[in-house]
Every structure is written in C-alpha cells, then in structure tokens.
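Visitor:
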Amino acid sequence: MKTWHVSPFLRSRFGKTILLSLCVLVFVVFTNLFYGFSVLTKTSPMTLTSSVNYFRMLQHMPKKLIRKSGSTTEQICRHPRLSLFQDSIQSAFHPMDPLVCLAKNLFYFEKGVLRMNDTVLNPFDQYNRHEFGEAKTNLSEDETKIIRKCLYRGIERVTDDYHTFTETIVKEKPPFSLLVEHDFMSVKCFYHHPEDDEKEPEEKEPDSDEKNKLDEKDQSGVADEEKNFGPINFDEMNRESFRDVDETLNEHGRDALFGSEYDHSFDGNFSYDYLHSWHDYHTDFEEQDIADFDQFLVQVHPKPSVFQRIKDSVKNKHATHLNVLMLGLDSMSHLSYQRKLPNTYRYLRDELDMVILDAYNIVGDATTAALIPILTGKTEVELPEVRINHDDAVTVDKYPMIWNEFRDQGYATLFAEDEPSISAFNLRLKGFENQPTDHYMRPFWQAIWGSQLRENSVRYCTGGTPHHSYTLDYVKDFFVKYNNVSKFTFAFMSELTHWDNNPGEHIDNDLFKFLKFFEKSGYLDNTLLILMADHGARYSRVRHTIQGKLEERLPMFALRFPPKYQSFHPRLMENLRRNSKKLTTPFDIHETLKDVLDLSRTSKSSPPHSRGISLLQQIPLNRTCAMAKIDVHWCTCLMQENRDVKSEHVQKAAFEILSYINQLTEPVRSECVPLNVKEIILAYLMIPNEKVLTYIRSRDADNRVANFSQEATVDIVHYQITMVTLPNNGMYEATILMNVTNGRIKVNPEMISRLDLYGTQPACIQRRYPDLRKYCFCEQLLHHNTTWHTVVLP
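According to the UniProt record's numbering, the sequence shown holds residues 1 to 794 in order.
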C-alpha cells in the first residue's frame, strides 16, 4: 500500500495559513461567478439573457479581483463578447423557404442591347436546335408561341419626387432586339391569338400631355437613324469597350433627356411606417391589357459627359485611384450577418481575408444617422437644415457628400437604394434636387414600387427577378461599362432586412457569387471593398433582449484593400488590422475614404481626441466613447446595473421622459393625444467600466501609456429606461442624464428610441411632421382603444 507524505511546510502553522488562504480565495472566486450568473431581476417581466448575467458577474466581483494596470497592451474600452447563438434570441431567427420568383424573364441585356430569349417562348424552337438536338416539327398549338408585339419604355428621373416613363416604342415584328440608351427599362409583350387575325386592335396614340412632350428625336432616347429595328451590327457592339477615355467618348452617343410624371406606391406586402400615395399619369402603355410578358430591366448606359469630365479633371498626385465599392444591408448586426449570410461571411473572412471591425459602434439612431457621418464626416445637426416641414430647410444637395470629392478627382459615381419610401435622404429629409451621382437608382425603384407587376409577384420579386438581383446587376454592370476609369459605388439594400433579419438569407448565395465574380474577374485588384450595415435590428424580438440592445449598436463592417496595395503599404495595413479590435465609428470610415483620395494624409497622425481617425492610422488604446464623440446612449463600452423599477430615481426618470415626449407633441395636441405610462419594464444604471471611470490622461507624448487613478468620483449618471405607454401601447427606450448631487434630469431626443412598429398610429401628422411619428397617437383612433388605463407617476 502506497503511503502519502505531507510536506513539512504544509504541516507548519505558516503553511496551514497559506493553504487556508488559497481555499478562501478559490471559494470567493467561485461564489462570485455563481452569484453573477444566478442573480435575476424580480422586477422585470421580460426574459433576461445571459448578457445581463455577464454584466452582473463583472459588477459583483470584488474590485481586488479586477486587475488594475496602465500597460500599453491593455485597451480601455472593451466591448462585450456576445454569443452567436444565444438561447434568449433563438426564437427570433428561423430558416426561410427558398425565394422563387415564379414568372419568366423574356428579355436580357447584352452590351447595351435588349435581346429576347427565344427559349422562353418555345424551348424546341427551330432556332435553338443546337440545344435540343434537332428542330421539332408539327408543334401543337400550345407549343407554338408567337409574339404579336412588344412595348418598350425607358424610366428616367426628374426630381427625387418625380420620375417619368418615356413614350412607348412599339415593335410588331421580329427582331425584337433594341439598342437602349437608358439605365432602366420596362417591357411588355403580347402573344398572337387567332382572334387577332380577324380584327387588328386599334393602336393608341402616344400621350400628348404638354408636360411630357419633348421633341421627336429625344422621346425615344435614340436618334432617328438609331431607331431602325432591323438587324443590329453586333460586330460593332462587341468591340472592346472603354479602352481609354478618348475612345470611349467616340464609341458612345449623347445622353437622352425625358420629361417626368411621378409614381408613388404603397407596399401591400408590409405595413410601412411612412405611407405614400402613388399616381400613374401615363395611359399609353396598355396598362388596361394584361401582357403575356411584363418585365423591368436594368443596365448601366455610360455617359459621354462623365468620360469628358474624367478626362478634364485635375488629378491629385497622392491619390490612390482605387475604386470604392460599398455594399450595405439595413439593420444587420455583425452577428446577424453571420447568422443569415453564412456563405458570404465565410468567403469574405476566409477567402478574401477582409478586415472585420469587431468594435464598430454606431453614433446615432437609424440609417440616416449612420450614413451621414460616413458620407460627410459630420452629424445631421452640424449640417444645413434639410428636414421636411422646416421653413428654412434646403435639399440634401447642400451636404458635402464624399462622392462629390471622388467625382471632382476623376471618378464615375453611383448611388443605389432599393426602398424609395424609407430611403436615407427622403424619409425625413427633403432629398436631392439634382441627381446626386452619375448613376442613381431611385427612379427605377419608384417605378417598381408603383407597378401592378410587383403587386402581383412573389414577395421580394418583381416578375421573375429578385429585387436584390436588380441592385447587384446594376453595380456589376457599372464596373463593366466604366472598366478603365476610377469608380465610387455605394449600394444600400433595405427590403430584405429592415423589418426582419430572417429574409436576409435570400441574398446570401447571390452576394457570395457576386463577390466571387468580382474577385475572379480582377475587379477587386484595384478596389477598396466594403461590406457593411448601418446598425443592428431595431424592431424585431431580438431588440427586446439585452443582447439585442448591444447588437443594435454593433453593426457589421468589413473592408479589404487590394493585395497589391497591401504589399506596398505594410505599415498602413498593420494599423488597419490592429484597429479592427479597437473602438471605431462611422467618422473613422469617412477619414479612411479621404485617405483613398490623398494618401499623403497618412503621414500625419491625427490628434488622439479626434472624432474621426482613419483606420490606416493608429487609433489609441485609450480611446473612449467620449473621445470618439459617441453619446452614452449608444456606447457599448458601458456597464449596466439593474435597478428596481419602483425606485425613486427610476420613477422620476420615467416621468421626465414622458413629460418631454408630450412636450414634443404639444404643438399638434388637437391631433395627437398625450401619452401616459402603462408600465416600466426595465431600468438600468449606466456606468462605464472601471478603466473608463478611473482613466485620467496619457502619461507619454505618443498617448500609448495610460494613467489611472485609484478611485473614481461619480457625480452624474445615466439611466436607461424601457417602458410601455398608453394609449398607443408603445414601447420606448430612453437614456437620461441625472445629476446625483441635485437630482436634475436632462432628456435628449436623440436618446429616445421606439422599439415597436407604430404602423398607422401617426397617420394624421406623419406627412407634415415626420419627426413626430414615433410619439404621436392620433386622437381619431381613441375609439378603437376602449380598455386602456393610465398609471400616474409622481
């Protein structure tokens, strides 16, 4: 039998003391870990996620267990590590059935020529015998499909509120190919039926409305000699395009201009929070007839004026001349991007080796607040007034958009959004008076949203085309048609993910193939690629969890410079990769884009307290939300401590929030009823983590060594309140600032979010006062709410 011998040291009194101390220490650690993960609130009816427990665990651990250090390797602002598959949010995500657009597309674009796909009419057609062996004879009546005529219209912009269809071109015999000088087309085709032989239908004359009537040469979009519908010289069309600017100017004709009538549409597939009325002033397109084929198409028709401008532009000798390709998805957090676009995410991470910003923090609420800093380097309040219903408001043309700087330095530009009713610069803002970029997709989507074809199609489709394919194809053709010139492209897609992240998976395979095409075709060899989102989910059930709150503030953002550029600038690329773990914001993206235009900027370090710091420079480890100008409401560096919803401070904070909301709607009190508190759901004391609280200043000139104090004095705190109001049953989340010495409370309108969909509640004022939509409950709706009651706060 083996005998165990105890060390003489452990048998000594001193050894026993050491052993006992170690046991106590282990007990304390595990007790705090257990306590942190097991404490649950008794005041909240909501199911809390382990994110809450994560915060509480850190908050209840003894301070002696939190290591204090001023090491240069430690970062002050640390973001929570959230789970990709958290139990509390699993119910909000589910797989979608494959998106199948049931209609067939008869036409396609090929190098500016609109061509008919004969196999759609009859797969056994004699002209396609190379595909099916030999021609089939004695076709049955059902197998014989003959097109009687096709009607063609271009779609053009007049203003952001008005678009137009060009007058109709009618072709009644083959070939049905057409050389097109528009970016956007609508085509309708009709089969030949036996009754057509008995009585030829009377053709309608084109609309002669003086508003839209232009000279004969301009209405079709091509010169008279180009309107010949005979055989097209395909040898001429297949020549190598855009070898240089001079050749391009010679190869392409002039622009075509058209008048306009505006169409609005109401999306019957979903209840939008901003409703449009739509009109169709055109009656010359046989809308009263049901076409056998109805289709919308997109291409990029290159503009000679753009090539001339590029040729005449003054080049910066420090410019990189890199293309910029930004592809955005609405409301996708970093984690949701991984959940719903797994193929795309694996490809961008593993194959393209894109740099993913793990701590990319939003700086404001919703899409506009996310995009304005990227595109202008400023906030909305720092820019000219452009909001609807403000007397001194101007259009968004006054904004210093970054694409204008790229244009001035010899770039072709493109901007595309797919939801015209909720677009970033038109929902609350007055939009653009002049077309903002060389190619602009808004008129196309207005036409789509106003079409009967979309209303009759599968959701997320128009005819046989998924909506996201229109945007991806438009961007792809932009790179093809402007092959040898620099390009700035920003495409932002909302329809699939704005209301619910789950349909986002419909774009996964197509976006994956899109990126592979760009990589294999060499377009990424000279392109800064950015895949991004504006923010995380704001409306879904995820948003009602603690993890959801954090995900809203941490959207997807990844970028990749071309490999050759990386090899030429290893120091800048090292900075970029290090910065991927640090606190970053949309302001930093703006500065990075400016470096693309002038790389000499990277030789000068930005001050450490700059609001925007290029990702190609070193972002200091001591950067805080305050330094980056991130309001506490959005700062994910903060720690959250649960508070009793019945406590005096919480009750007072809720009362001040409600009073402020009712003050906002006071000018329209005859239409919007005052709100009352139904229930306070959750209350948090918002406090920075220990490093943020105790950080004083840097101890060296390079701002790399942090100096911390031993204690922190807190005189002001923030409370985040989640409450439900009546009579609208609205759920609000607001962060207020409280002075703990005198009890004064400050409410900031930018720190009030509405977490539920308000639908038609503000319909009585939403057109005139779009900023009040989330607060207004129209008085006329009261008779529909007979069971609501009021909770009076002190």
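Where a beta carbon is used, it is the ideal one built from N, C-alpha and C, also for glycine.
Would you mind working out which of Asp358, Arg309, Met326 sits nearest Arg578, comparing C-alpha positions?
Guide: Sequence index remark: in the sequence shown, residue 578 carries index 578 (1-based). Measuring from the Cα of Arg578, the nearest candidate turns out to be Asp358.
Visitor: Nearest to Leu178 by CA position, among Leu297, Leu593, Glu591, is which residue?
Guide: By one-based count along the sequence shown, residue 178 stands at place 178. Measuring from the Cα of Leu178, the nearest candidate turns out to be Leu297.
Visitor: Could you check whether Phe190 and Arg148 sit closer than 8 Å to each other, using their CB atoms as the reference points?
Guide: As a first step, residue 148 must be located in the sequence shown, where it is residue number 148. As a first step, residue 190 must be located in the sequence shown, where it is residue number 190. Their beta carbons are under 8 Å apart, which means Arg148 touches Phe190 by this criterion.
Visitor: Let me know the secondary structure DSSP gives Lys520 once reduced to three states.
Guide: Residue mapping note: residue 520 aligns to position 520 of the sequence shown, counting from 1. Looking at Lys520 - three-state DSSP - the assignment turns out to be helix.
Visitor: How should Lys678 be labelled, buried or exposed, when 16 other C-beta atoms within 10 angstroms of its C-beta is the threshold for buried?
Guide: Walking along the sequence shown from the start, residue 678 turns up at place 678. Buried, because 16 or more other Cβ atoms sit within 10 Å of the Cβ of Lys678.
Visitor: For Met460, which residues from the same chain have a beta carbon less than 7 Å from its beta carbon, with the 5 sequence-adjacent residues on both sides left out?
Guide: Translated into positions along the sequence shown, residue 460 becomes position 460. First, the amino acid is wrong: residue 460 is Tyr here, not Met. Closer than 7 Å at the Cβ level, and outside the excluded window around Tyr460, lie Leu99, Pro466, His467, Glu495, Leu496, Pro503, His506.
Visitor: Taking only three categories from DSSP, how would you classify Val355?
Guide: For this step, residue 355 is matched to residue 355 along the sequence shown. In the structure shown, Val355 sits in a strand (DSSP, three-state: E or B).
Visitor: If distances are taken between C-alpha atoms only, which option among Leu414, Ile146, Asp500, His498 comes closest to Phe490?
Guide: Working through the sequence shown from its first residue, we reach residue 490 at position 490. Nearest option by C-alpha distance: Leu414.
Visitor: Whose C-beta lies closer than 8 Å to the C-beta of Glu779 among residues of the same chain, with five residues either side of it excluded?
Guide: For the purposes of this step, residue 779 is taken as the residue at position 779 of the sequence shown. Only Ser670, Glu671, Cys672, Val673, Cys764 meet the Cβ criterion.
Visitor: What did DSSP end up calling Val485 once you bin it into helix, strand or coil?
Guide: Along the sequence shown, read from residue 1 onward, the residue named residue 485 stands at position 485. Here Val485 sits in coil by DSSP.
Visitor: Count the other CB atoms within 10 Å of the CB of Thr17; is the residue buried (16 or more) or exposed (fewer)?
Guide: Position 17 of the sequence shown holds residue 17. By the neighbour-count rule (16 or more Cβ atoms within 10 Å), Thr17 is not buried but exposed.
Visitor: Given that a residue counts as buried once 16 or more other Cβ atoms are within 10 Å of its Cβ, and exposed if not, what is Pro175?
Guide: As a position in the sequence shown, residue 175 is number 175, starting the count at 1. Exposed: under 16 other Cβ atoms inside 10 Å.
Visitor: Please go through the same chain and pick out, in chain order, the residues whose beta-carbon is closer than 7 Å to the beta-carbon of Leu329, but skip the five residues on each side of it.
Guide: As a position in the sequence shown, residue 329 is number 329, starting the count at 1. The answer, listed in chain order, is Met493, Thr497, Gly504, Ala533.
Visitor: With Leu341 and Leu511 assumed to form a contact (beta carbons below 8 Å), what rounded beta-carbon distance in angstroms separates them?
Guide: Here residue 341 corresponds to residue number 341 of the sequence shown, with the count starting at 1. Here residue 511 corresponds to residue number 511 of the sequence shown, with the count starting at 1. The pair is a contact, with the Cβ atoms about 7 Å apart (cut-off 8 Å).
Visitor: What are the boundary residues of the alpha helix (DSSP H) that Thr592 is part of?
Guide: On the sequence shown, position 592 is the one that residue 592 refers to. From DSSP, the alpha helix (DSSP H) with Thr592 extends over 586-597.
Visitor: Shortest alpha-carbon distance to Asp508 belongs to which of Met96, Lys564, Asn729?
Guide: Within the sequence shown, numbered from 1, the residue matching residue 508 stands at position 508. The candidate whose alpha carbon is nearest that of Asp508 is Met96.
Visitor: Please report how far the alpha carbon of Asp294 lies from the alpha carbon of Val480, in whole angstroms.
Guide: The sequence position of residue 294 within the sequence shown is 294, counting from 1. The sequence position of residue 480 within the sequence shown is 480, counting from 1. Spanning the two alpha carbons is a distance of roughly 26 Å.
Visitor: Count the C-beta pairs between the stretch 350-357 and the stretch 724-737 that are closer than 8 Å, then say yes if the count reaches three, no if not.
Guide: No, they do not touch.
Visitor: For Ile736 and Leu757, I'd like the C-alpha separation in whole angstroms.
Guide: Here residue 736 corresponds to residue number 736 of the sequence shown, with the count starting at 1. Here residue 757 corresponds to residue number 757 of the sequence shown, with the count starting at 1. Near 23 Å, if we compare the C-alpha coordinates of Leu757 and Ile736.
Visitor: Given Met723, which residues of its chain have a CB within under 7 Å of its CB, disregarding the five upstream and five downstream residues?
Guide: Position 723 of the sequence shown, counting from 1, holds the residue named residue 723. Result list for Met723: Ala654, Val677, Glu679, Ile680, Ile681, Tyr732, in chain order.
Visitor: Are the Cβ atoms of Thr368 and Arg442 separated by less than 8 Å?
Guide: For the purposes of this step, residue 368 is taken as the residue at position 368 of the sequence shown. For the purposes of this step, residue 442 is taken as the residue at position 442 of the sequence shown. Going by C-beta atoms, Thr368 is not nearer than 8 Å to Arg442.
Visitor: For the ligand ZN, is there a heavy atom less than 7 Å away from the beta-carbon of Gln720?
Guide: This structure simply doesn't include the ligand ZN, nor any ligand for that matter.
Visitor: Kindly indicate which three-state DSSP category Leu782 falls into: helix, strand or coil?
Guide: To locate residue 782, count along the sequence shown from 1; it is residue 782. Looking at Leu782 - three-state DSSP - the assignment turns out to be helix.
Visitor: Out of His182, Pro608, Ser21, which one is the CA nearest neighbour of Tyr474?
Guide: The residue labelled residue 474 in the question sits at position 474 within the sequence shown. Residue His182 is the option with its Cα nearest to Tyr474.
Visitor: Candidates Asn456, Cys625, Pro555, Arg407: which alpha carbon is nearest Ala366's?
Guide: Counting from 1 along the sequence shown, the entry for residue 366 is found at position 366. Checked all of Asn456, Cys625, Pro555, Arg407; the closest Cα to Ala366 is Pro555.
Visitor: With distances taken Cα to Cα, identify the nearest neighbour of Thr665 among Glu574, Leu102, Asp771, His783.
Guide: Translated into the one-based positions of the sequence shown, residue 665 becomes position 665. Per the Cα distances, Asp771.
Visitor: Please determine, among Glu591, Tyr411, Thr741, the residue with the shortest C-alpha to C-alpha distance to Asp438.
Guide: Taking the sequence shown and counting its residues from 1, one reaches residue 438 at position 438. Asp438 has its Cα closest to that of Tyr411, out of Glu591, Tyr411, Thr741.
Visitor: Tell me the DSSP bridge mates of Lys746?
Guide: Start at 1 with the first residue of the sequence shown, and residue 746 comes out as number 746. DSSP lists Leu737 as partners of Lys746.
Visitor: With 16 other CB atoms within 10 Å as the buried threshold, where does Asp235 fall?
Guide: Taking the sequence shown and counting its residues from 1, the one referred to as residue 235 is at position 235. In this prediction, Asp235 has a pLDDT of 34, which is less than 50 and means its spatial position is unreliable; what the coordinates show is noted afterwards. Under this definition Asp235 is an exposed residue.
Visitor: Would you kindly work out how many angstroms separate the C-alpha atoms of His390 and Ser423, rounded to a whole number?
Guide: Within the sequence shown, numbered from 1, the residue matching residue 390 stands at position 390. Within the sequence shown, numbered from 1, the residue matching residue 423 stands at position 423. For His390 and Ser423, the distance between alpha carbons rounds to 19 Å.
Visitor: So what does Ser333 bridge to, in DSSP terms?
Guide: Position 333 of the sequence shown, counted from the first residue, corresponds to residue 333. Paired residue(s): Pro555.
Visitor: Tell me which residues share the same chain as Asp397 and place their Cβ nearer than 7 Å to its Cβ, disregarding the 5 neighbours each side in the sequence.
Guide: Residue mapping note: residue 397 aligns to position 397 of the sequence shown, counting from 1. So the qualifying residues of the chain are Phe432, Glu433, Asn434.
Visitor: Hey, would you say Arg541 sits closer than 8 Å to Ser91, going by beta carbons?
Guide: Numbered from its first residue, the sequence shown carries residue 541 at position 541. Numbered from its first residue, the sequence shown carries residue 91 at position 91. In this structure, Ser91 lies closer than 8 Å to Arg541 by Cβ.
Visitor: Whole angstroms is fine: what's the gap from Lys652's alpha carbon to Gln75's?
Guide: The residue you call residue 652 lines up with position 652 of the sequence shown. The residue you call residue 75 lines up with position 75 of the sequence shown. Lys652 and Gln75: Cα-Cα distance of roughly 36 Å.
Visitor: With Thr624 and Leu550 assumed to form a contact (beta carbons below 8 Å), what rounded beta-carbon distance in angstroms separates them?
Guide: As a working mapping, residue 624 is identified with position 624 in the sequence shown. As a working mapping, residue 550 is identified with position 550 in the sequence shown. Actually they do not touch by this definition, with Cβ atoms about 17 Å apart.
Visitor: Using the beta-carbon count (16 or more within 10 Å), is Gly253 buried or exposed?
Guide: In the sequence shown, residue 253 corresponds to position 253, counting from 1. The pLDDT assigned to Gly253 is 36, lower than 50, so where the model puts this residue is not dependable, and the model offers no usable value.
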